[in-house]
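Peer 1:
Set out below in structure tokens:
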């Protein structure tokens, strides 16, 4: 019974003490610890209005877990849970185990004291001057970089050489600013008498070495942060994206290539990181400045930082160049044959073979189609890191396609010109034969037969073909003055051909006009008959239409004359019995007017008919 009471007492006492310990206030987690933990979260997950509540919720959860862990640790550190029934449910996490393998049995206080004294004598980290030096460095370099990379994304696309120049100028200006501000403050600090307080002569070397190391670390940290900021420009997770570099696709040595080349671009970007690391390399140590020596600080960029920057930049550059490479390969695959000699060989082989006009025009149209397609391509292609200008490539490819088309065009134009000159010579011969004055009846007969033979040549298809070819040339070729003069000769030939066929055309026109006039007169007779019937019914005096009767009487001889001339031209001109008299008449008239008698006679009759019609119309 007593044992049970004792166990109950221990249980209640333990729970009471535990409750008291848990009620004790716990120091909250420091704000800077929270910020340090928050930096471990990727920046892309913490930016944005909708992400802020999540960040606050995360910080609250961290503070709660911290407080809970600290209370549990305090309980386990102060109280020992009794091994009795009733408290077995009070589970607590075990305390952190001590490091294994360390021997804490030997006293360490003396060795610690000796090491601390040695550190104080060599590093002087607690010297007031060192604290001031740290403050100067923090104030000068806290939010300062050698190059302001934030403005690069806001600028227009730049070429790599311009960026190298800008970075070089920025580094020079930043170095000059640092030497004027931070370095001068450091020198002024150590020129004061209070700077070496409590420093003995035997500690002077170690003191200035400590100053040099501290200054060197500050400068190295500045260089490292600048290089890291430069590498971060090309981070694919950065929503702002990398800077845009100007590149061009050009034609050189019968091939399509980048300018600058991809290798030159990569080397230029890496060179900028190296140039940043070579800044601030000639800063004198404080002691050398005071003593007039030339020793400088060790401010070389750490090797591991430079290797990391180089490898990271290479990978990100090559990833960003995949798009331009595919675009380049597509252009080479589609249009490279125009400049690598393939098109030249094809044109030469085509010219060496025999081909029709349609085959020539088909190949020419193919080159013109390629030219039009090339000129319609976009002038600029945008990629995450590259501003690719293709205007020079477009003009070069279009010029190549146009050159091959012009070569083929000149070839068929030469053939066309040669053929037309041959046709013109034939028509000149026809013209000369037609204009030659016949001296005998036999020559007249031969001339008429020759002209009839020339007019009956079945050249309609040839004329259609030539006309189609001419239309094609007018659309695609600029003719020389000689070709234009040759075309004028062709117009003269057409006019002369019309002149040869004009007499027959006029004669048939006379007959057609006469037939039309007779039809109208017949209609007038019918109308007069109807009028006379109505006059009889009304018992009126019948009207007389003497003008119509006079017109019939005067027209009848002309009608007979026209039919006689037409019949004579078609049947009697070559009649043997009338040949002698007709030839004599022609020979007599030839010397006076040298005109066609049929044309003169028909023209005279037509004029008389027109005068008669006008006069009768006025009389009516």
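In UniProt numbering, the protein residues as written are 1 to 620.
Don't be surprised by glycine CBs; every beta carbon is placed ideally from N, CA and C.
On a predicted model such as this, the values are computed, not experimentally measured, just so you know.
Would you give the residue range spanned by the beta strand (DSSP E) that residue 628 belongs to?
Peer 2: Lying before the first or after the last residue shown, residue 628 is absent from the chain, which here runs from 1 to 620.
Peer 1: To which residues does DSSP link residue 387 through a beta bridge?
Peer 2: 246 and 382
Peer 1: Counting C-beta neighbours from all protein chains within 10 Å, is the total for residue 371 16 or more, i.e. buried, or is it exposed?
Peer 2: buried
Peer 1: Using the three-state DSSP reduction, which class does residue 8 fall into: helix, strand or coil?
Peer 2: helix
Peer 1: Helix, strand or coil: which one does DSSP assign to residue 251?
Peer 2: strand
Peer 1: Quick one: Cα of residue 365 to Cα of residue 409, how far?
Peer 2: 10 angstroms
Peer 1: Unbroken alpha helix (DSSP H) runs of length 4 or more, entirely within the stretch 120 to 155: which are they?
Peer 2: 128 to 141
Peer 1: Which residue wins for smallest C-alpha separation from residue 434, given the options 329, 64 and 447?
Peer 2: 447
Peer 1: With respect to the beta strand (DSSP E) encompassing residue 256, which residues constitute its N-terminal and C-terminal limits?
Peer 2: 256 to 259
Peer 1: With a Cβ-Cβ cutoff of 8 angstroms, do residue 62 and residue 37 count as a contact?
Peer 2: Less than 8 angstroms divides the Cβ of residue 62 from the Cβ of residue 37.
Peer 1: Run through the stretch 424 to 458 for me and flag every whole alpha helix (DSSP H) of 4 or more residues, listed as ranges in chain order.
Peer 2: Within the stretch 424 to 458, the runs of alpha helix (DSSP H) at least 4 residues long that lie entirely inside it are, in chain order, 441 to 455.
Peer 1: Could you pull out every residue in the same chain whose Cβ sits closer than 7 angstroms to the Cβ of residue 407, ignoring the five residues on either side in sequence?
Peer 2: 347
Peer 1: Please report the straight-line C-alpha distance between residue 145 and residue 302, rounded to a whole angstrom.
Peer 2: 17 angstroms
Peer 1: Identify every run of the alpha helix (DSSP H) within the stretch 295 to 374, keeping only runs that are complete inside it and at least 4 residues long; order them along the chain.
Peer 2: Fully contained in the stretch 295 to 374 are the following alpha helix (DSSP H) runs of length 4 or more, in chain order: 303 to 320, 322 to 335 and 342 to 352.
Peer 1: When the Cα atoms are used, what is the spatial distance from residue 532 to residue 552?
Peer 2: 19 angstroms
Peer 1: Based on Cα-Cα distance, which residue from 279, 208 and 249 lies nearest to residue 225?
Peer 2: 279
Peer 1: Anyone know if the C-beta pair for residue 393 and residue 249 falls short of 8 angstroms?
Peer 2: yes
Peer 1: Could you check how far apart the C-beta atoms of residue 381 and residue 375 are, in whole angstroms? I think they sit under 8 angstroms.
Peer 2: Not confirmed; about 15 angstroms, so no contact.
Peer 1: Please say whether residue 528 and residue 545 have beta carbons closer to each other than 8 angstroms?
Peer 2: yes
Peer 1: Residue 177 lies in the alpha helix (DSSP H); which residues open and close that run?
Peer 2: 160 to 180
Peer 1: Three or more beta-carbon pairs under 8 angstroms between the stretch 324 to 332 and the stretch 236 to 245, yes or no?
Peer 2: In the pairwise beta carbon analysis, the stretch 324 to 332 is classified as not touching the stretch 236 to 245: fewer than three pairs are separated by under 8 angstroms.
Peer 1: Would you identify the three-state DSSP class for residue 284, choosing helix, strand or coil?
Peer 2: strand
Peer 1: Compare the beta carbon distance of residue 234 and residue 317 with 8 angstroms and say whether it is the shorter of the two.
Peer 2: Yes, the pair counts as a contact, with Cβ atoms nearer than the cut-off.
Peer 1: Among 396, 315, 266 and 128, whose alpha-carbon lies nearest the alpha-carbon of residue 255?
Peer 2: Residue 396 is the option with its Cα nearest to residue 255.
Peer 1: Considering just the uninterrupted stretch of the alpha helix (DSSP H) at residue 33, what are its terminal residues?
Peer 2: Taken as a continuous stretch (DSSP letters only), the alpha helix (DSSP H) holding residue 33 covers 31 to 39.
Peer 1: When you compare only the Cα positions, how much space is there between residue 58 and residue 183?
Peer 2: 43 angstroms
Peer 1: Can you check which of these residues, 291, 332 and 295, is closest to residue 252 by C-alpha distance?
Peer 2: The residue with the shortest Cα to Cα distance from residue 252 is 332.
Peer 1: Alpha carbon to alpha carbon, what distance is there between residue 413 and residue 341?
Peer 2: 25 angstroms
Peer 1: With a CB to CB cut of under 6 angstroms and the five nearest residues on each side skipped, what residues in its chain are close to residue 621?
Peer 2: Absent from the structure is residue 621, since the part of the chain shown begins at 1 and ends at 620.
Peer 1: Please state whether DSSP places residue 376 in a helix, a strand or coil.
Peer 2: coil
Peer 1: Check whether the stretch 209 to 225 and the stretch 278 to 296 touch, using three or more Cβ-Cβ pairs below 8 angstroms as the test.
Peer 2: yes
Peer 1: Nearest-angstrom Cα distance between residue 517 and residue 550?
Peer 2: Within the model, the alpha-carbon separation for residue 517 versus residue 550 is close to 14 angstroms.
Peer 1: Please classify residue 284 as buried or exposed, where buried requires at least 16 neighbouring CB atoms within 10 angstroms.
Peer 2: buried
Peer 1: Could you spell out the range, first to last residue, of the alpha helix (DSSP H) harbouring residue 209?
Peer 2: 204 to 232
Peer 1: Based on Cα-Cα distance, which residue from 452, 424 and 385 lies nearest to residue 320?
Peer 2: If you compare the alpha carbons of 452, 424 and 385 with that of residue 320, the shortest gap goes to 385.
Peer 1: In its own chain, which residues sit with a C-beta less than 8 angstroms from the C-beta of residue 404, not counting the 5 before and 5 after it?
Peer 2: For residue 404, same chain residues with a beta-carbon under 8 angstroms away, outside a window of 5 residues either side, are 338, 343, 344, 347 and 367 in chain order.
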